[in-house]
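S.K.: Line by line, the protein sequences give chains X and H.
Going letter by letter, the first sequence gives residues 1 to 596 in the numbering used here.
Going letter by letter, the second sequence gives residues 1001 to 1289 in the numbering used here.
Backbone N, C-alpha and C fix where the C-beta goes; we use that ideal spot for every residue, glycine too.
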Amino acid sequence: MKRISVARIVLYVVFAGMLATPFFMRRLSSQRGRPTTGKVDCQAAIARYGFCFTEVSQRAGIHFVHEAPVLDPKLNGIMPEVASMGASVSIVDFDRDGWPDIYVTNSRIGSMNHLYRNNHDGTFTDVAEQMGVADVNQPGTGVSMGAVWGDYDNDGYEDLFLIKWGRPELFHNDHGHGFTRVTDEAGLPPWINANTAVWFDYDGDGLLDLFVGGYYPENVDLWHLKNTRMMPESFEYAKNGGRKYLFHNLGNGHFEEVSAKVGISSRRWALACAAADLQGTGYPDLFVANDYGVSELYLNDHGHFHEAGQETGVGFAPKSGMNAAFGDIFNQGKFSVYVSNISEEGVLIQGNNLWVPQESKGLHYANLARDLGVELGGWSFGAQFGDLNNDGTLDLFLENGYISLSRTRSYWYDFSKVAGGNSSIISDAAHWPAFDGRSLSGYQQKKVWINDGAGKFEDVAQAVGVTDTYDGRAVALADLWNTGVLDAVVANQGGPLLIYKNTVASGNDWIEFDLEGTKSNRSAIGTQVTLFWNGQQQVQSVSGGSGFASQNDRRLHFGLGKNPQIEKAVIRWPSGTVQTLDHLTPNQLVHVKEPS
Amino acid sequence: MSQPAAAVSQAAPNAAWKRLLDSRFAPPVFITLILLVGNLSFGILESYQKTLLAIVTSIAGELILGRIFLRKWLHPASAYITGISVGILLRSPAYWTFALCAALSITSKYALRFRGRHIWNPSNLGICAMLFLASDSVAGLSIQWGNNLASLIVIWVLGSLILWRARRIHITAVYVASFIALSFLRAWITGDPWQSEISPITGPMYQLFMFFMITDPKTTVRSRTGQCVVAVGIAVVEFFMRLDSSVYAPLYALFWVGPAALVVEMWMDSRRSRATAPAITPSPQPARP
């Protein structure tokens, strides 16, 4: 009897301890990854983390505020949700003056897109109207959702593909003096409701091809709905989205749609895609992050694709994929893939995915987001890898925040009761309760995770000056002022375009590469540079679009840390040519033309 | 969830399927099937390891605590169901949450007792505690089971069959009827589409809730009428919680109503036995953990 009594006391103590465990775990976790709050002290941030951002959009002459789409009145009740995308940013040196310019999209019918030309003095001037790429959201043509740039005709100037819910547009760059609409000649379809596209040369013929991922089905005109049954049939298993397109560049200004022919067939709800040679075959593979479902990885077998999401581990657990970005986070010469999802305390914790290639037979990935500390980022959208403090390891900049309306009333309850229901309920917008000014994961703090190089990321966003709480969508990284550091440009839904100018601690060196293809596509998209220094290596690839609705500068930026000894840079061009550069010195932009 | 209804029947039918339905293995087999079908069809689990961790923790806890407090090795079926339920219903990227939830569930059977009886459904208590105390780390099952009719029908047919054999189908039927009626009332009050109010019961969490949690024989009242009243009571409390936008209203409703009903039943039993004490020998209580 006495033994039982003692045991009972122990039992109660253990039970109470178990109830208290979440409290201790929370304290532990907040101590480990505590975001610094309060006033930003840039000097302290530079001393501690090696860099600091200053938001300079107004000073730079950029006063752009994104306008969200206004769709068919039948969707009025849930307009904040269905019209929650469209803010995008892409970096391009459209006039080849050696300074990155910025293109941003707008999404209200009649609104203007903006092309900000870099004035080389810290300011930008909007030249979109003058160049003919502003008035692209006219009634009856839909509205812009994003833009990707690539020199499809190899004339040395980046051309513009405009991603729309509506009529997609291709603009030819007339040597930096203006743009000519060539959509009809190119043979593009009359209507696609897309949020993502990427330029890449999938068959290695030296011409850039174009993948476009549909979101809503292409037969849906969101301004003139026949009915309200246009929502996903499931929150995580939907296959009633838009079709996918692969436009093969025929080299004469025409494109042929070949998706079915080369093995790409999906009606998942694509939100982000990116391409890079993940297998080391010399052909770029295609990663597609899908909303309402699993990600897809299309492995390129010399110009023909097979979907290998399950086989490689990235396409098993369905979530709400909203980003695809590649980064060699361990300096091992291999790309990891970052996919953003949704995490809302107490309601839905999907967690973002960081797919890290495993040392095993064949291509296989494991999700190490939690282990590395980049799992929870709220309602996450665009993210990009880049060495923000030039310490030699890739950091991660994440945008988030879905719908910021009321600060006190949330839509999460209504969202959750419908999202888990039967397909006949979830797929009809008329069945969704009205928003009535409520927020859904709004006013979220952004994440700037710095990589310690030893397997951990730490969020320093608040400390280094990224303190906004707009509904972030796209982020693009570029050395905007040719100072050897990566600045960040952020597009917010219904909010201002933000320019985060970076200041990096002196002493950390860098090197940048500006590549130009000759046998390969002239944009050099798909070219991989592996830099070897101080006994380590890092691989980066020129991208034709990555993240969410964004495109980084084509120039590749490597941070090198202190006193670097660069051994060599190995450049693998899409043509198969491998070029090795020796005797490189840090702190310079290296222009490289593909050997012919 | 705990060892559900099918274990009640002790008959020994000849037919193999009847043996299966009547045995204490039927519910574990059924819930395992749900898990496997769900995972193979929809990938509902982020990893088998987390579910396995919950199951192992649960069974280990039951064996250890049973040995200490009941001085016997308990059959693991009930703990298995608790563990697998935690594995299905809890969503979290962390491993520790699954182990803790399973441990809390099992330990509650021994720590939280009223007049020698545990009154909370173990996994309901464990999951509610985690949702309340560790909301930054866990969420409940909501959207991870597809949204199609086929999976719904399979669960309803198999679940109904088992509950019918166990003579507890009326609990689920009354709850469903109450939920639907109150959904229309809620839609009228809030002005939201009635489909959105009905929607939750077509989702996966409710299938497990209706077929396993509210029918758990060890944490439900004995009389058939009482069981129906409790089912209505759960639906009513849930109704008010839903008006207050509680995402996990059914789980919380059961958390409050289930134990309250048992306490009332025990109080009424004791009054009755006091009133008839000299004449009636008290019926023996089954040895419960």
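Classify P595(X): buried if its beta carbon has 16 or more other beta carbons within 10 angstroms, exposed otherwise.
M.R.: exposed
S.K.: For the region 383-451 of chain X, which segments carrying the beta strand (DSSP E) assignment without a break, of at least 3 residues, lie completely within its bounds, in sequence order?
M.R.: 395-400 and 447-451
S.K.: Can you grab the Cα-Cα spacing for the pair A1253(H) / V1232(H), in whole Å?
M.R.: About 11 Å.
S.K.: Within its chain, find whatever has a CB closer than 8 Å to the CB of G465(X); leave out the 5 residues flanking it on each side and keep chain order.
M.R.: V40, C42, A45, C52, F53, T54, E55 and Y500
S.K.: Nearest to D201(X) by CA position, among P284(X), G576(X) and Y245(X), is which residue?
M.R.: Out of P284(X), G576(X) and Y245(X), P284(X) has the C-alpha closest to the C-alpha of D201(X).
S.K.: For R1067(H), I'd like the list of residues in its chain whose CB is within less than 7 Å of its CB, leaving aside the five on either flank, ordered along the chain.
M.R.: W1073
S.K.: Would you say D459(X) and K447(X) are within 9 Å of each other, going by their C-beta atoms?
M.R.: yes
S.K.: Can you list the residues of chain X that T1202(H) reaches, using a CB-CB cut of under 7 Å?
M.R.: Those within 7 Å of T1202(H) in chain X are G421, N422 and I425.
S.K.: Nearest-angstrom Cα distance between P1200(H) and S416(X)?
M.R.: 8 Å
S.K.: Can you pull the chain H residues whose beta carbon is under 8 Å from the beta carbon of I349(X), in chain order?
M.R.: The contacting residues are R1091, S1092, P1093, S1137, V1138 and A1139.
S.K.: List the residues of chain X whose Cβ lies closer than 9 Å to the Cβ of M1205(H), in chain order.
M.R.: G420
S.K.: Would you please verify whether the beta carbon of A1231(H) is less than 9 Å from any beta carbon of chain X?
M.R.: no
S.K.: If you reduce the DSSP assignment to three classes, tell me which class A1287(H) lands in.
M.R.: Residue placement at A1287(H) cannot be trusted, given a pLDDT of 35 that sits under 50; what the coordinates show is reported in the next sentence. Coil, per DSSP.
S.K.: Does the count of Cβ pairs from the region 501-509 of chain X and the region 80-98 of chain X closer than 8 Å reach three?
M.R.: The region 501-509 of chain X is not in contact with the region 80-98 of chain X.
S.K.: Which chain H residues sit within Cβ distance under 9 Å of A308(X)?
M.R.: Within chain H, no residue comes near A308(X); the closest Cβ sits about 16 Å away, beyond 9 Å.
S.K.: Could you tell me which residues DSSP puts in a beta bridge with F181(X)?
M.R.: It should be pointed out that residue 181(X) corresponds to Arg in this sequence rather than to Phe. Partner(s): F171(X).
S.K.: Please list, in chain order, all residues of the same chain as Y1080(H) whose beta carbon is under 8 Å from its beta carbon, the five residues on each side excluded.
M.R.: P1028, I1055, S1058 and I1059
S.K.: How many angstroms separate the CA atom of I78(X) from the CA atom of S520(X)?
M.R.: 46 Å
S.K.: Output the distance between the C-alpha atoms of M112(X) and Q58(X), rounded to the nearest integer angstrom.
M.R.: C-alpha separation (whole angstroms): 19 Å.
S.K.: Can you tell me the Cβ-Cβ gap for N390(X) and V485(X), rounded? I've got them flagged as a contact below 8 Å.
M.R.: 7 Å
S.K.: Let's test the definition: count the other Cβ atoms within 10 Å of the Cβ of V1257(H) and tell me whether it reaches 16, buried, or not, exposed.
M.R.: buried
S.K.: Using the Cα positions of Y116(X) and W432(X), report the straight-line distance between them to the nearest angstrom.
M.R.: Put simply, the backbone Cα of Y116(X) is about 39 Å away from that of W432(X).
S.K.: Using a Cβ-Cβ distance cut-off of 9 Å, determine whether M1210(H) contacts chain X.
M.R.: So, not an interface residue.
S.K.: According to DSSP, is M1266(H) part of a helix, a strand, or is it coil?
M.R.: helix
S.K.: Given that a residue counts as buried once 16 or more other Cβ atoms are within 10 Å of its Cβ, and exposed if not, what is Y1110(H)?
M.R.: buried
S.K.: According to DSSP, is I1280(H) helix, strand or coil?
M.R.: Bear in mind that the predicted position of I1280(H) carries a pLDDT of just 49, short of 50, making it unreliable; the figure below should be weighed with that in mind. Coil at I1280(H), not helix or strand.
S.K.: Which residues mark the beginning and the end of the alpha helix (DSSP H) in which I1171(H) is found?
M.R.: Residues I1169 to T1190.
S.K.: Assuming G110(X) is part of the alpha helix (DSSP H), what are its boundary residues?
M.R.: That residue, G110(X), is in no alpha helix (DSSP H); it is neither H nor E in DSSP.
S.K.: Could you tell me the alpha carbon to alpha carbon distance between A1006(H) and S107(X), rounded to whole angstroms?
M.R.: With a pLDDT of only 39 at A1006(H), under 50, the local geometry of the prediction cannot be trusted, and the value read off the model is given with reservation. Those two C-alpha atoms are separated by around 58 Å.
S.K.: If we require 4 or more residues per run, which alpha helix (DSSP H) segments fall completely within the region 1085-1170 of chain H?
M.R.: DSSP assignment within the region 1085-1170 of chain H yields the following whole alpha helix (DSSP H) runs of 4 residues or more, N-terminal first: 1096-1111, 1122-1133 and 1149-1165.
S.K.: Helix, strand or coil: which one does DSSP assign to L1063(H)?
M.R.: Per DSSP, reduced to three states, the secondary structure at L1063(H) is helical.
S.K.: So what's A549(X) in DSSP terms, helix, strand or just coil?
M.R.: coil
S.K.: How big is the Cα-Cα spacing for E1238(H) and P1250(H)?
M.R.: Using only the alpha carbons, I get a separation of about 5 Å.
S.K.: Among all the DSSP beta bridges, which residues are the ones paired with Y103(X)?
M.R.: S90(X) and L115(X)
S.K.: According to DSSP, simplified to helix, strand and coil, what is N193(X)?
M.R.: Residue state, collapsed to three classes: strand.
S.K.: I'd like to check one pair, R572(X) with Q528(X): are the Cβ atoms closer than 9 Å?
M.R.: yes
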